[in-house]
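Below is one structure; the comments refer to it alone.
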Amino acid sequence: MSTDRTAGPAPRVGLGNDSRLVRYDDLLDMCGDVEHPTPIVRLNRVLPNPDVALYVKCEWVNPFGSIKDRTAKWLLQGLMERGELEGKAVIEATSGNTGIALAAISALLGVRMVATAPHVLSPEKTALLRAFGADVRLTSPDDDTGLHPMDVAFKLAEKILSAHPDEYVMPNQYDNPDNARAHYESTGPEIWKQTEGRITHFFAGFGTCGTVVGVGRYLKEQNPDVKIIAIEPVVGHHISGLKNMEETAVPGNLDRSIIDEIVYVDDDMTDAAARRLYREEALQVGPSAAAIAAGALRYLSEPGRAGIAVSIAPDSGQKAATYLNGILG
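Residue numbering for the sequence shown follows the working numbering, beginning at 3 and increasing consecutively.
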């Protein structure tokens with residue numbers, strides 16, 4: 003995706019892209035891909051099973067701080083290729099990361115962005131959305147009708163879009179196949195190459211389901227024996243970024259045929275995993291990354307587990323200082 007809006011054919015002075023030198027002419031080229039993947043790092047202290055190596059894929063290394071940078075890049079690129087973005091502003095419901103990435107890329111493209119979000123969105127994520135120029139419209143606490151907070155935010159975005167169809171376009175990360183395609187074309191191939199094709203287990207959370215489906219589909223095509231394990235929070239959880247499918251609308255991206263097993267996690271498991279990851283592994287994970295790691299650790303600690311496993315860390319705790327203050331003490 004080109005963001006160069008310089009008029010005229012005159013050449014521009016510069017050194018050119020070179021991923022080997024970690025040098026880029028375009029910020030979007032910093033998003034992970036096979037040639038310059040986001041890192042994976044082994045957990046050395048929190049997993050007692052000597053027959054398993056668990057690696058965490060540190061997606062906060064992407065330019066806007068999360069795995070959703072990939073999603074947003076592919077979503078907007080798809081809209082542009084289909085001519086759906088021309089002359090319109092972007093509107094999207096978000097719990098933070100996708101909206102932040104969409105706002106940042108929209109700023110690069112010179113496109114206006116409206117983000118609808120739950121009223122409980124963290125101050126850190128709200129500030130970042132606004133810093134990138136997004137018009138942030140939080141739901142009202144009075145709108146709580148028993149729906150999941152993200153479903154309320156999604157309905158608000160749909161209402162605005164319905165009232166102004168000629169003004170806005172919605173990427174819709176939940177139902178847009180470009181979401182899973184982003185991870186099929188980038189995250190999955192990275193993991194396969196980084197593990198030298200030896201991966202046996204992959205862990206990702208239930209959210210928009212783009213990551214678990216896209217990566218899972220790619221890995222299954224390389225080796226059908228790779229186990230794709232989804233991490234799902236229990237009903238009534240408070241884990242930002244993850245969804246229980248009984249209490250929220252099921253994303254169109256979800257393809258259950260890709261998933262071999264589901265591991266359920268709760269708030270206490272997640273908080274305990276976060277504390278251990280910070281204090282024993284010095285990994286600055288966010289809540290969803292802690293939840294996914296908690297599920298992976300539970301699964302891999304069972305007798306008979308063996309192999310090479312990779313757990314997605316969607317973002318860092320830098321956007322979740324309020325959460326960290328509450329659990330780390």
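Even glycine gets a Cβ: it sits at the ideal position worked out from N, Cα and C.
All values derive from a computational prediction rather than experimental measurement.
Exercise for review: Leaving out five residues on either side along the sequence, give the residues of the same chain with a beta carbon under 7 Å from the beta carbon of T213.
Suggested key: I69, H185, T189, A206, I314
Check your understanding: Taking Cβ to Cβ, would you say K127 is nearer than 8 Å to K245?
Key -> no
**Study point:** D137 - containing beta strand (DSSP E), residue span
**Key:** 137-140
Check your understanding: Of the choices A119, D35, N225, whose alpha-carbon is the least far from that of G101?
Key -> Nearest C-alpha to G101: A119.
Check your understanding: Any Cβ of chain B within less than 8 Å of the Cβ of E126?
Key -> Protein chains in the displayed structure number just one, and chain B is not present.
Point to revise | Reduced DSSP secondary structure (H/G/I, E/B, other) of L149 | key: Residue state, collapsed to three classes: coil.
Exercise for review: Report the option in S164, L81, K195 whose CA atom is closest to the CA atom of T40.
Suggested key: The shortest Cα separation from T40 among S164, L81, K195 belongs to K195.
Exercise for review: Decide yes or no for the touch test of the segment 169-177 against the segment 94-108: beta carbon pairs closer than 8 Å, at least 3 of them.
Suggested key: Between the segment 169-177 and the segment 94-108 there are three or more C-beta pairs closer than 8 Å, enough to call the two in contact.
Exercise for review: Could you work out which residue in S124, H240, L30 is closest to A109 when comparing CA atoms only?
Suggested key: L30
Practice item. Go ahead and pull the three-state DSSP assignment for Y176. Key: coil
Review point. Going by the CB atoms, is the gap between L45 and A74 shorter than 8 Å?
Key: no
Practice item. Just the C-alpha distance for T272 and I329, rounded to the nearest angstrom, thanks. Key: Answer to the nearest angstrom: the Cα atoms are 10 Å apart.
Check your understanding: Quick one: Cα of T96 to Cα of A55, how far?
Key -> 33 Å
Practice item. Using three-state DSSP, classify T8 as helix, strand or coil. Key: Low confidence applies to T8: its pLDDT is 43, below 50, so where it sits in the model is not reliable, and the reading given next is rough at best. In this structure, T8 counts as coil in the three-state DSSP scheme.
Check your understanding: Should L17 be labelled buried (16 or more other beta-carbon atoms within 10 Å of its own) or exposed?
Key -> exposed
Point to revise | Spatial neighbours of R72 in its chain, beta-carbon cut-off 6 Å, leaving aside the 5 residues before and after | key: C33, A184, S188
Review point. Does the segment 248-268 come close enough to the segment 227-234 that 3 or more CB-CB pairs lie under 8 Å?
Key: yes
Point to revise | Environment of A165 [buried if 16+ CB atoms lie within 10 Å] | key: exposed
Check your understanding: Starting from S290 and walking both ways along the alpha helix (DSSP H), at which residues does that stretch end?
Key -> Counting along the chain, the unbroken alpha helix (DSSP H) around S290 starts and ends at 289-302.
Point to revise | Rounded C-alpha distance that separates N178 from D145 | key: 26 Å
Practice item. Give me the Cα-Cα distance between V43 and G89, rounded to the nearest whole angstrom. Key: 43 Å
Exercise for review: Using 10 angstroms around the beta-carbon of G10, count the other beta-carbons present and answer buried if the total reaches 16, otherwise exposed.
Suggested key: Because the pLDDT at G10 is just 44, under 50, the model does not fix this residue reliably, and the value given afterwards should be weighed accordingly. The residue in question, G10, is exposed, as its Cβ has fewer than 16 Cβ neighbours within 10 Å.
Review point. From A296, I310, P253, pick the residue whose C-alpha is nearest to that of G199; which is it?
Key: I310
Point to revise | H203, buried or exposed, once every other Cβ within 10 Å from all chains shown has been counted against 16 | key: buried
Review point. Cα-Cα, which of A284, Q286, L279 is closest to A298?
Key: L279
Review point. DSSP three-state call for M115: helix, strand or coil?
Key: strand
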